[in-house]
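Written below as structure tokens is the structure these notes are about.
In the numbering used here, the protein residues as written are -2 to 219.
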């Protein structure tokens, strides 16, 4: 991923936070010389020594796992909030018309060599962890144990686990850091204003917060 210096996010905690908040990733691998992309939710697991592993599962019928040799690199792409930015929002446009539209976004790329996992105990533990992650704040709350044991065991037979030990992480936070502070503040305000727009959705409000956080960080650095 091409990352301009002012858009680089290198703080591991921030990268992990995005992965946890937006766990659905585009998982890019290769098979028979072809690029293959799949979409799946991952769990981030922090191991001893601060090493991290991404865990997921796919249907056993998906042949992508058969190409995992623990030597060929794959990439999990996590996409956070994103939003269209109109140049009409920039107050600086009144004095300098050299402005164009752009798109703000945040993304994390996690690289590593994936390995398949077919152990039923691992798969059941993974499914419980994945369910807990997304059900823990719900009321009523669903648990794996709510379903018949025989049914779950049958489901487990038809999936394959994936472990991706993270060898490297890249983060790109393109949140208007290249604009003057007056522009960034106005961009955040406009994004907040359109937060209830069905097309923009909650991403606009989330992006507004990121722009303001980026503004504070940029101002502090200067």
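Ideal Cβ positions, reconstructed from N, Cα and C, are used throughout, including at glycine.
Which of the three DSSP states is assigned to residue i in this structure?
i	result
residue 31	strand
residue 4	helix
residue 208	helix
residue 96	coil
residue 80	strand
residue 218	Its pLDDT being 46, under 50, residue 218 is placed unreliably in this model, and the coordinates cannot settle the point.
residue 14	helix
residue 175	coil
residue 63	helix
residue 70	coil
Taking DSSP's pairing of strands, which residues face residue i in a bridge?
i	result
residue 169	5, 104
residue 75	22, 105
residue 41	51
residue 203	Answer by DSSP bridge pairing: none, since residue 203 is not bridged.
residue 36	23
residue 56	156
In the DSSP assignment, find the beta strand (DSSP E) that holds residue i and state where it starts and stops.
i	result
residue 112	112 to 114
Which stretch, first to last residue, makes up the alpha helix (DSSP H) that contains residue i?
i	result
residue 182	178 to 190
The stretch 101 to 108 / the stretch 78 to 89 touching (three or more Cβ pairs under 8 Å): They touch, by the three-pair rule.
Complete runs of the beta strand (DSSP E) confined to the stretch 106 to 163 [at least 3 residues]: If one requires a minimum length of 3 residues, the beta strand (DSSP E) runs lying completely within the stretch 106 to 163 are 112 to 114, 156 to 162, in chain order.
Given 8 Å, three or more beta-carbon pairs between the stretch 13 to 22 and the stretch 102 to 121: Counting Cβ pairs under 8 Å, three or more are found: they touch.
Sufficient close CB pairs (3 or more, under 8 Å) joining the stretch 141 to 149 to the stretch 169 to 177: By the Cβ rule, the stretch 141 to 149 does not count as touching the stretch 169 to 177, because fewer than three pairs are nearer than 8 Å.
At least three beta-carbon pairs within less than 8 Å, the stretch 27 to 39 to the stretch 135 to 145: The count of Cβ pairs closer than 8 Å, one atom from the stretch 27 to 39 and one from the stretch 135 to 145, stays below three, leaving the stretches out of contact.
At least three beta-carbon pairs within less than 8 Å, the stretch 108 to 115 to the stretch 150 to 165: Touching, yes, given that three or more Cβ pairs across the two stretches are closer than 8 Å.
Segment contact, 8 Å Cβ cut-off, at least three pairs: the stretch 180 to 193 with the stretch 110 to 121: Flag = no, the stretch 180 to 193 and the stretch 110 to 121 do not touch.
Sufficient close CB pairs (3 or more, under 8 Å) joining the stretch 67 to 77 to the stretch 121 to 128: Counting Cβ pairs under 8 Å, fewer than three are found: no touch.
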